[in-house]
Amino acid sequence: MLLSHKYRFWPAIGIAAFLLLTAVPLLLGFIYALLYSLGLVGALAPGFTLRFWAEGFQSRALWHSLGYSLYITLASLLPALVGGLVLATTLRTYFQKGPGAYLIYLPLVMPALVVALWSMQVLGQTGLVARLGFQWGWFADMRHFPGYINDGWGLGILFAHWTMALPFFTLLFLGMQDNERLDDLTQVARSLGASPAQAYYRVVLPVLLQKGRPSMLMYGIFCGGLMKIPLLLGQQSPQMISVLITRKVGRYDLAEIPEGYFIAVLYSLLLLGVLFFTKHLSPSK
Amino acid sequence: MSRLIVPFIKILFLGSLGLLSLFPLLFFLGLSLSREWFYPDFWPSAWSPERWLALGAEEAPLGQSLLLSLLISLGVAGLATGAGFLSGRQIAFSPHKAFLLRLAYFPYILSPVVYGACLNYYFVYADLSGRVAGVVLAQLMITYPFAVILYSGYWNQHLRAMEGLVATLGGRAWQTYFWVIIPLSRNILLLGFFQTFLISWFEYGLTRLIGLGQVPTLTILVFQYIGEADLHRAALAAWALMAPPLVLLWLNRQFVLKNTVPDA
């Protein structure tokens, strides 16, 4: 292209910005974490050693945390996914006009921090459920309500994640039905002799699941890195992986920092593998 | 029969949807306006608007924090949108598009706060830790890749042909951008601006880590109030936190729906 030399200046800023703000920081951060975990930098750095890696792999906190993150991710994602799918396909007309079209967007104005606060106020020991239960005589002693935050099953975390993910997936699938012209496809299937159920299970559902796969996958990966909600509603052990890393790295106990960076390196490599060896990860449009 | 059932389902459904989505907002409003709310009571025993009235008072931490957050987020959103728009063009036509976009996702999937923990050393070294400038830079590292992802999907051959057309007609590079491309892209520029604004507005982990708690944005303040068990103030701060997205929702529903990343 002969013209293109005229436009080289602005785009060059674009690439420089990408290198400066994304590529280089990613590399620098990784190098620092790697060197720290190998004992080469940091206060009390003992010099090159594989000790932190060996100890890290044997630490139970790491494996518990990975398993717990996976559990929270699946338990957050699947019910919200199914719920969103059902709401978007069966009650679609209510979301298209009237108050429903606005109400479904309202939960999106709540940041994770506020959702976490909300969950505390609903499920906590002196929360709304406890108040309601006491007023209605579900339990006699007001101290008997167990409280569902900071619990073993992470119910508080899950409640908060559902609050955020259900409207998200409902809106995602609602948008998709318009974009993919599913009404037309359904009509074709029906006129070719499919029953309503067949049209739903053979046409609508496969299209939505197929098209929604990148978003679902991304949301799933992001769940592991969610931070504010587990920080406020989770318990001390096991912790979500991002909470574990930041707690270890931010400790006053300097001996724990290399292990924290080891986990950060391991987690980055794991995600790098997922990111680069998974197809269909392109941004959803 | 179905004539009776359908309106019933509709009322039931809309009622519960309204309850579920409006209730948290009303609850926080009530909490911020109540003075006493003892445990087994379902209703506050005393009300007072004092916290809302104190918002405008000088040296009120919440008012100052609101202003600081607003300045930081507006700055971050402007920079991220501008740089992301330019980078998005280059990346959209790059042969390495797929690779670069996956890199752009990485700060998010790694979790902003873990990313920040790995970079903290450099911030301390550059003496940016505990300063507004450091927080702005850290938030740019999160919001800018988001803008890149958004805009690299937007640039297409049509826009490129527009650039060519302007050049053929004798336009300069800056004229192409300021008179043709930017006016054409007004909607998506606004979308990107508001969404990066919200990412920055809702940011907590990085701001805490890099700002060392000395840059008291609204989210830091909410966390602090929760830590102090001052739930009435936390509720008021939560309302301050939700006010901009509520306004954006009123302007255009698409502004608050990020279909690529959730709030970490």
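So the sequence lines, in the order shown, correspond to chains A and B. Quick note: the first sequence uses this note's numbering, first residue 1, plus one each step. Quick note: the second sequence uses this note's numbering, first residue 286, plus one each step. Quick reminder that beta carbons are idealized off the backbone N, C-alpha and C, glycines included. Please read all numbers here as calculations on a predicted model, not as lab measurements.
Taking 8 Å as the limit between beta carbons, can you name the residues of its chain near HIS5 of chain A, skipping five residues before and five after? Residue confidence for HIS5 of chain A is low, a pLDDT of 49 falling below 50, so the modelled location carries little weight; the figure read from the coordinates is stated next. Same-chain partners within the cutoff: there are none.
Identify the contact partners of THR49 of chain A in chain B, using a Cβ-Cβ distance below 7 Å as the criterion. Those do not exist, as THR49 of chain A stays about 19 Å from chain B at its closest Cβ, beyond 7 Å.
For chain B, check one thing: does any of its Cβ atoms lie closer than 8 Å to the Cβ of LEU228 of chain A? Per the sequence shown, the amino acid found at residue 228 of chain A is Lys instead of Leu. So, interface residue.
Rounded distance between the beta-carbons of ILE484 of chain B and ILE427 of chain B, thought under 8 Å: 6 Å
So the alpha helix (DSSP H) SER268 of chain A belongs to, where does it begin and stop? 257-277
N- and C-terminal bounds of the alpha helix (DSSP H) containing GLU448 of chain B: 442-453
Tell me which residues of the segment 394-412 of chain B have at least one Cβ-Cβ distance to chain A shorter than 9 Å, keeping chain order. ILE394, LEU395, SER396, PRO397, VAL398, VAL399, TYR400, GLY401, ALA402, CYS403, LEU404, ASN405, TYR406, TYR407
Looking only at DSSP bridge pairs, what is ALA331 of chain B linked to? B:GLU321
If you reduce the DSSP assignment to three classes, tell me which class THR428 of chain B lands in. helix
Please report how far the alpha carbon of PHE168 of chain A lies from the alpha carbon of LEU40 of chain A, in whole angstroms. 44 Å
Tell me where the alpha helix (DSSP H) around ARG181 of chain A begins and ends. Note, ARG181 of chain A: premise wrong, no alpha helix (DSSP H); not H, not E.
Which residue marks the beginning of the alpha helix (DSSP H) containing TRP53 of chain A, and which one marks its end? 51-58
Burial state of SER333 of chain B (16 or more Cβ within 10 Å): exposed
Answer yes or no: does any C-beta atom of chain B fall closer than 8 Å to that of ILE149 of chain A? no
Among A:LEU106, A:LEU205, A:TYR32, which has the Cα closest to the Cα of CYS403 of chain B? A:TYR32
Measuring only the C-alpha atoms, how far is LEU185 of chain A from THR89 of chain A? 14 Å
Three-state secondary structure assigned by DSSP to MET527 of chain B: helix
Which value, in whole angstroms, describes the spacing of the CA atoms of GLY369 of chain B and LEU297 of chain B? 44 Å
Using only the alpha-carbon positions, how far apart do GLY456 of chain B and LEU450 of chain B sit? 9 Å
What's the call for THR93 of chain A, buried or exposed, on a 16-neighbour Cβ count within 10 Å? exposed
What residue range is occupied by the uninterrupted alpha helix (DSSP H) comprising THR93 of chain A? 92-96
Compare the C-beta of VAL507 of chain B against all C-beta atoms of chain A and say whether one is closer than 8 Å. yes
Pop quiz: VAL398 of chain B and GLY512 of chain B are said to be a contact at Cβ under 8 Å. What is the actual Cβ separation, rounded to whole angstroms? Rounded, the Cβ-Cβ distance is 17 Å, inconsistent with contact.
Mind checking if ARG336 of chain B is an interface residue toward chain A, Cβ cutoff 8 Å exclusive? no
Evaluate ARG288 of chain B with the Cβ neighbour count: other Cβ atoms within 10 Å of its Cβ, from every protein chain shown; 16 or more gives buried, anything less gives exposed. exposed
Report yes if the C-beta distance between PRO238 of chain A and TYR102 of chain A is below 8 Å; otherwise report no. no
Can you check which of these residues, B:LEU435, B:LEU355, B:GLN442, is closest to THR502 of chain B by C-alpha distance? B:LEU355
Indicate whether at least one CB of chain A lies closer than 8 Å to the CB of ARG288 of chain B. no
I'd like to know whether the C-beta of ALA17 of chain A is nearer than 8 Å to at least one C-beta of chain B. yes
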